[in-house]
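Numbering (mature numbering (1 follows the signal peptide of the UniProt record, and there is no 0)), first residue to last: -24 to -1, 1 to 716.
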């Protein structure tokens, strides 16, 4: 016989499937009753286990004599709740909890918590299950038996808590289910949890066999029912370890789920919770809603805290103190999974939702069974983003009818909305903080203190913006209105302005019309160029335009001296020299300095023009984080694997570098080497050394050793005022002159 997923594991591997007692690995004689199997024994890790889908497969199989244990995934069908562990015994047990395989071997049921389905109950509310309950009574007596929330039909008197016949033929207390009898559906007891403040209650359980670092692995006690409805109205705790406390009209349907001080809320998935909520729903495992209203947590590990009308649909994402905000790509899809024979055979769309994409993943989860053969389904999405249908690609196996959820997994992994209104995160690890009508569509994208803004470039975002878009990688809009940063590394400030230049800063303004590059008023480019539309204003005493010239001879030329050209260099001017300019310390613009790097670092053409070349982008990564990887429970984001970059390496335009350039040499700017270079004022208002012939209104020419004297020269130099009178000891006066 062939099994879809044959199992041959240690018995320890099944400890997570319920409370299973341990027995010795060797074959043991059958017990007169199941009570002879001591509860609390631990199974040996070395014992081989063979897996089967149903009890019928066991009875049809010739089992390997080396196998001591069998594990079924169901009784009639995989996932129907009747899955159980069986041990090989030497003879037919005296109770009904046993199976005989085709080779004649007997297999005794091992379960401290048996249920009627393990004994063959149809649990469909129609087929009579009277005989099954009688068989179960031969296996265990005076115990609490979980009915799994199912309905069992009886032709006779059902074993309800208050029997109508005497003596009561049933010794066990049957809880958490229903009985169909005489045209009525009767409820079994749903409130058998033990509560005490003076004694540790429940059955003794061994320590947890595993756990993450720091997780306690101590032993404890277990309530037999594993379900609780306390101080609640019209609420249901359906799955094991599900709880409703102080709630009204609430359902806790997932394993380890609960509603606390909630109203009309649903905790449907495993480890899901609603606390202090109203009309909230959790459909994703380990999701929750806290102090929320009309909010839904749909993805794995999602949460809504102090929200209204907000949805989470990506994994590990959150809405906090937000209204009508979505963390993830879509909202509102609801589907009912059809399971036939343990396989997913279809999905009925109850609500198509909106804003979904055909590339979104649909994930099918069983709330009861551990699935090893996962179903694969894909969405059919209409033009409005609604999921109108679901295609079953592979049905999988082992699913439990009525206990299977389906959830979209949308973009926006680990994204969040914090203090937002009508905002959405579609990008991985992206966020909106203090925003209204803002969206992120890329990894690490953000909007901060912004409204009606969209960040669609990786690492891009808007800060204090309104109506802005940032589509380039690392693009930023700062305090902008209706503006766009469309290039990588582009920064835009202003109104209705577009910055489409890579790694540049643009400031602009326009009171009306559409955003445009024509509205730029300032633009600082990556190559150091600067453009502006307007006036450059400088403060006093910076009143002239200057350039740096190399000194003809080593040594500092004194401030205020007239200089003349000596080839391409300068020296103090003397009588008869053509004056170039004045040594200045008040230049508003000083050209020809080398403040950043060696002046010969880049090659130039014969006219001094920069030489450009195309080179591969050195910042292009050969590998990138795998976008398809999702960390498991015990994995960290830092463990995300790297995959080859699917994008080709681009080329960029750069200045050609001089091969003689040594980046290891420290650069000393020309302005810090006055003995080699002199800042010469060529135009504007300058301070000049003059002799005693110069008065206010005098024209000035070169005298001796760079000191000006009254006279004409090729350059227009006129004394406007004397700032300091002539000092014979110094040999000069200080005149404030205009040079042009």
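Heads up, the beta-carbon is just placed ideally off N, CA and C, and yes, glycines get one too. Bear in mind that the values here come from a model prediction, so they are computed numbers and not experimental data.
- CA-to-CA, the gap between residue 284 and residue 300 works out to about 6 Å.
- Around the beta-carbon of residue 109, 16 or more other beta-carbon atoms lie within 10 Å, marking it buried.
- Here residue 58 carries a coil assignment [DSSP, helix/strand/coil].
- Ranked by how close their Cα comes to the Cα of residue 592, the residues 325, 246 and 625 have 625 in first place.
- Linking residue 51 to residue 45 through their CA atoms gives a straight-line distance of about 16 Å.
- The criterion of a C-beta distance shorter than 8 Å is satisfied by residue 416 and residue 403.
- Within the same chain, Cβ atoms closer than 7 Å to the Cβ of residue 369 are found at 352, 353 and 354, the five residues on either side in sequence being excluded.
- Contact annotation, residue 564 with residue 519: C-beta distance approximately 7 Å; criterion of less than 8 Å satisfied.
- Residue 712 carries a strand assignment under DSSP once its states are collapsed to helix, strand and coil.
- For residue 357, the enclosing beta strand (DSSP E) has its first and last residue at 352 to 357.
- DSSP lists 591 as the bridge partner or partners of residue 628.
- Out of 312, 288 and 653, the CA that lies nearest to the CA of residue 544 is found in 653.
- By the Cβ rule, the segment 252 to 267 does not count as touching the segment 359 to 379, because fewer than three pairs are nearer than 8 Å.
- Here residue 312 is exposed: its Cβ has fewer than 16 other Cβ atoms, across all protein chains shown, within 10 Å.
- In the structure shown, residue 130 falls within a coil segment according to DSSP collapsed to helix, strand and coil.
- Here the alpha carbons of residue 92 and residue 373 stand approximately 22 Å from one another.
- Following the DSSP letters along the chain, one finds residue 109 inside the alpha helix (DSSP H) bounded by residues 106 to 115.
- Secondary structure of residue 400 (DSSP, three-state): strand.
- Around the C-beta of residue 316, fewer than 16 other C-beta atoms lie within 10 Å, and the residue is accordingly described as exposed.
- Of the candidates 685, 331 and 629, the residue whose Cα lies closest to the Cα of residue 675 is 685.
- Per the Cβ contact rule, the segment 642 to 657 is in contact with the segment 534 to 553 (3 or more Cβ pairs under 8 Å).
- Secondary structure in the segment 442 to 468: no alpha helix (DSSP H) run of 4 residues or longer lies completely within the stretch.
- Between residue 281 and residue 294 the beta-carbon gap is near 7 Å, inside 8 Å, which marks them as a contact.
- For residue 32, the secondary structure class from DSSP, reduced to helix, strand or coil, is helix.
- Annotation for residue 433: 418, 446, 447, 448, 449 and 451 place their beta carbon closer than 6 Å to its own, counting only its chain and skipping 5 residues before and after.
- Following the DSSP letters along the chain, one finds residue 341 inside the beta strand (DSSP E) bounded by residues 337 to 342.
- Residues 480, 481 and 506 of the same chain have their beta carbon placed closer than 7 Å to that of residue 500, with the five preceding and five following residues left out of the count.
- Distance from the CA atom of residue 333 to the CA atom of residue 324, rounded to whole angstroms, is 18 Å.
- In terms of CA proximity to residue 113, 148 leads the group 79, 148, 97 and 103.
- A direct Cα-to-Cα measurement between residue 628 and residue 580 gives close to 18 Å.
- Measuring C-alpha to C-alpha distances from residue 74 to each of 88, 115 and 566 identifies 115 as the nearest.
- Within a 10 Å sphere around the beta-carbon of residue 716 sit fewer than 16 other beta-carbons, which makes this residue exposed.
- Spatial neighbours of residue 118 in its own chain (CB-CB distance under 7 Å, excluding positions within 5 residues in sequence) are listed in chain order as 147 and 148.
- Nearest to residue 164 by C-alpha distance, out of 413, 619, 122 and 131, is 122.
- If the five residues before and after residue 679 are omitted, its C-beta is found closer than 7 Å to the C-beta atoms of 551, 667 and 685, all from its own chain and listed in chain order.
- The DSSP assignment places no complete alpha helix (DSSP H) segment of no fewer than 4 residues inside the segment 263 to 289.
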